[in-house]
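These notes concern the structure reproduced below.
Residue numbers (my numbering): 1185 to 1251.
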């Protein structure tokens, strides 16, 4: 008898696949909503001010992260 996945394992995806897909979709939708709210406001700013903000952010030390 060969070892490997049982024939039944090919019939249904693992139970967590749907939850993972739903969580990914929710996170992506949240990111898209935040993007759609932030980008127009940012692009409406004065370009020289926006350039200064980008340069300041690039020169700033990285934010600390908690483990």
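Every residue gets a Cβ at the ideal spot worked out from N, C-alpha and C, and that includes glycine.
Cβ neighbours of residue 1234 within its own chain (closer than 7 Å, five residues either side excluded): 1226. In this structure, the alpha-carbon of residue 1230 lies about 43 Å from that of residue 1203. Judged by DSSP in its simplified three-state form, residue 1230 adopts coil rather than helix or strand.
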